[in-house]
Amino acid sequence: MSKKCEENIRKEEDRTENSPASTVPSPTKRSPVRSPTKPATGNDQLKVDHNASASSSSDDTTTDDEKLRNTGVREATVQMGEFNNVQYTEVDMRGIPVLDNIKKVSMVPLIFLIFYEVSGGPFGIEDSVKAAGPLLALIGFLVFPFIWSVPEALITAEMGTMFPENGGYVTWVASALGPYWGFMQGWMKWLSGVIDNALYPVLFLDYLKSAIPALGGGWPRALAVVLLTIAFTYMNYRGLTIVGWFAVFLGVFSIIPFVVMGLISIPKLEPSSWLVVDIHNVSWGLYLNTLFWNLNYWDSISTLAGEVDNPKKTLPKALFYALILVVCAYFFPLLIGTGAVPVERDLWTDGYFSDIAKIIGGVWLRYWIQGAAALSNMGCFVTEMSSDSFQLLGMAERGIIPEFFAKRSRYGTPSIGILFSALGVLLLSWMSFQEIVAAENFLYCFGMILEFIAFIRLRMKHPAVERPYKIPVGTVGSILMCVPPTILICVVLALASVKVMLVSFAAIVVGSILPPLFGYTERRGWLKFSTSAALPDLFTLNRDNSQSLVR
1 MSKKCEENIR KEEDRTENSP ASTVPSPTKR SPVRSPTKPA TGNDQLKVDH NASASSSSDD
61 TTTDDEKLRN TGVREATVQM GEFNNVQYTE VDMRGIPVLD NIKKVSMVPL IFLIFYEVSG
121 GPFGIEDSVK AAGPLLALIG FLVFPFIWSV PEALITAEMG TMFPENGGYV TWVASALGPY
181 WGFMQGWMKW LSGVIDNALY PVLFLDYLKS AIPALGGGWP RALAVVLLTI AFTYMNYRGL
241 TIVGWFAVFL GVFSIIPFVV MGLISIPKLE PSSWLVVDIH NVSWGLYLNT LFWNLNYWDS
301 ISTLAGEVDN PKKTLPKALF YALILVVCAY FFPLLIGTGA VPVERDLWTD GYFSDIAKII
361 GGVWLRYWIQ GAAALSNMGC FVTEMSSDSF QLLGMAERGI IPEFFAKRSR YGTPSIGILF
421 SALGVLLLSW MSFQEIVAAE NFLYCFGMIL EFIAFIRLRM KHPAVERPYK IPVGTVGSIL
481 MCVPPTILIC VVLALASVKV MLVSFAAIVV GSILPPLFGY TERRGWLKFS TSAALPDLFT
541 LNRDNSQSLV R
């Protein structure tokens with residue numbers, strides 16, 4: 001907003017406050033306390049609702065500045081159901097520095113970025129057969145997407161296009177519940193993402209250790225983890241466009257060997273093997289954690305929304321295509337593996353698909369699967385790190401964390417965020433596969449609860465704010481859509497081990513004391529916070545007229 005516009009607003013406020021005939025209350029002044037999610041100017045636009053019936057006689061003479069000034073008051077006092085005659089005012093925000101020389105991510109790379117943030121292929125789903133047998137594993141990867149993946153993807157499409165910036169889900173929660181809960185969301189999701197990323201060097205080496213036994217343990221394995229982390233981190237540093245097209249190449253290379261294996265296995269398939277189930281011999285904790293880990297993180301792409309070409313149209317389509325790709329990439333390899341080879345549940349552990357490939361097609365197919373698995377984990381690593389690091393950049397642009405996290409490299413990448421994410425991976429890479437999955441799922445669940453609350457609250461409090469993509473359900477439908485995944489979250493949390501619970505709660509406690517600590521460091525002048533986000537924050541806009549959900 002220009003200085004002239006701001007001066008006009010202040011004059012109009014003074015005139016309104018001093019006029020006894022005024023019927024429109026002036027906006028309540030904001031608290032002098034720093035608001036990390038303070039609205040800023042930018043190139044994007046946010047359309048805010050107005051109650052036309054309250055000013056139908058003066059709409060023709062009302063200036064844009066007056067409309068903007070009254071936005072916070074009117075929007076906060078309009079009751080649900082009174083939007084039969086709604087006006088929209090475009091708030092044009094200029095002044096945000098834009099990196100025009102940085103190429104945006106297009107549709108195809110975006111699909112494969114989502115694919116690798118969620119899946120990366122069938123590598124890692126083997127434990128579902130070990131835990132529950134063929135039938136429940138197949139049913140799980142068909143039914144679970146409707147319980148969890150579809151709702152999460154739909155919410156991501158709506159909220160990601162409503163807030164097309166790198167803060168992603170942090171911005172959603174901060175807009176609905178305030179900056180403190182926005183930080184807690186960012187802390188838990190970033191920590192969950194880093195824990196998740198620590199898994200991929202482990203899986204990468206698990207698939208190679210059969211060919212290179214020295215990678216099975218000791219200092220060679222530790223050195224390999226460090227070298228892999230450094231190499232993948234450098235790729236993130238070089239730019240998100242490179243990561244996106246690299247993900248396309250890896251995706252094609254990882255999927256093709258399973259297509260070949262499927263064609264070879266057709267004469268060997270035994271459909272009766274798919275129906276084997278022993279309901280009394282099911283490890284429900286391992287089963288649900290494996291399904292949950294392989295079918296979540298659809299919201300991760302929201303932290304890259306600011307780097308996407310035309311996100312309001314591209315993001316929903318990319319999520320739809322990626323959902324189909326992910327489900328197929330899980331279900332058909334499971335059909336092949338359980339139908340063409342006699343099922344011995346104890347053998348179904350990480351890397352077992354390479355053994356199945358050898359049985360079906362020979363050594364050459366085994367090596368191909370191993371190479372595809374290794375490269376797939378590589379793709380998962382670089383895309384997850386991109387999401388984690390750009391999330392930190394988005395939080396810094398909102399003033400939630402110190403501004404040095406908003407520093408970009410000459411390639412447009414968040415250099416400090418990448419460095420912190422890489423250090424987190426190295427510190428957590430000592431954990432076992434099952435511990436990593438359980439710990440990240442636990443923290444992820446808490447973050448998703450906040451996302452569901454934010455989604456519903458924004459639907460209720462700001463129903464007329466522009467949503468380029470809107471799930472075709474009302475408030476009640478939004479609540480009902482969140483019920484099944486919330487029940488699932490409760491089950492996953494209840495099945496967590498005591499060790500995982502203690503570690504996760506300790507992490508949450510640490511996160512809860514960081515916001516006041518940041519406030520202290522800012523007052524002392526040790527750290528600097530600033531706001532440079534392109535979109536205003538709805539929580540701050542109506543802060544004094546809204547009732548907090550967590551008061």
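Just so you know, we're using UniProt numbering here: the sequence shown kicks off at 1 and counts up by one.
Heads up, the beta-carbon is just placed ideally off N, CA and C, and yes, glycines get one too.
The three-state secondary structure of residue 408, taken from DSSP, is strand. Per DSSP, the unbroken alpha helix (DSSP H) holding residue 335 starts and ends at 311-340. Annotation: residue 470 to residue 517 spans about 38 Å, alpha carbon to alpha carbon. Only buried fits residue 451, as 16 or more other CB atoms lie within 10 angstroms of its CB. The beta carbons of residue 166 and residue 381 sit about 20 Å from each other, so the pair does not count as a contact at 8 Å. Residue 310 has its alpha-carbon roughly 38 Å from the corresponding atom of residue 128. Rounded to whole angstroms, the Cβ separation of residue 308 and residue 105 is 5 Å, and the two are in contact under 8 Å. Excluding sequence positions up to five before and after residue 440, its CB lies within less than 6 Å of the CB of 192, 195, 196, all in the same chain and listed in chain order. With a 10 Å radius around the Cβ and a threshold of 16 neighbouring Cβ atoms, residue 272 comes out exposed.
Taking C-alpha positions only, residue 473 is separated from residue 173 by approximately 20 Å.
Residue environment: residue 268 is assigned as exposed (fewer than 16 neighbouring CB atoms within 10 Å of its CB, all protein chains considered). Taking the CA atoms as reference points, residue 314 sits about 20 Å from residue 394. Boundaries of the alpha helix (DSSP H) harbouring residue 154: 150-162, taken from the DSSP string. The beta-carbon separation of residue 121 and residue 254, rounded to 5 Å, stays under the 8 Å limit for a contact.
The bridge partners DSSP lists for residue 414 are 408.
Residue pairing for residue 308: DSSP places it in a beta bridge opposite 105. Sixteen is the threshold: since fewer than 16 other Cβ atoms of the shown chains lie within 10 Å of the Cβ of residue 284, the residue is exposed. Only residues of its own chain outside the window of five on either side were considered, and among them 148, 151 have a CB closer than 6 Å to the CB of residue 485, listed in chain order. For residue 141, the uninterrupted alpha helix (DSSP H) run begins and ends at 134-144, by DSSP.
Within 10 angstroms of the beta-carbon of residue 528 lie fewer than 16 other beta-carbons, which makes it exposed. By the Cβ criterion, the region 475-494 is in contact with the region 454-462, since at least three pairs of Cβ atoms, one from each stretch, lie closer than 8 Å.
Where residue 356 is concerned, the enclosing alpha helix (DSSP H) starts and stops at 352-361. One thing to note: residue 301 has its Cβ within 8 Å of the Cβ of residue 113. Sequence-distant partners of residue 345 (beyond 5 residues in either direction) whose C-beta falls short of 7 Å from its own C-beta, in its chain, are 129, 130, 133. Exposure of residue 364 is indicated by the presence of fewer than 16 other C-beta atoms within 10 angstroms of its C-beta.
When DSSP states are grouped into helix, strand and coil, residue 278 belongs to the coil group.
In the three-state reduction of the DSSP assignment, residue 297 falls in the coil class.
Residue range 179-208 is occupied by the alpha helix (DSSP H) that includes residue 197. In this structure residue 510 is exposed. Its beta-carbon is surrounded by fewer than 16 other beta-carbon atoms within 10 angstroms. DSSP places residue 344 outside both helix and strand once states are collapsed to three, so it counts as coil. For residue 516, the enclosing alpha helix (DSSP H) starts and ends at 498-523.
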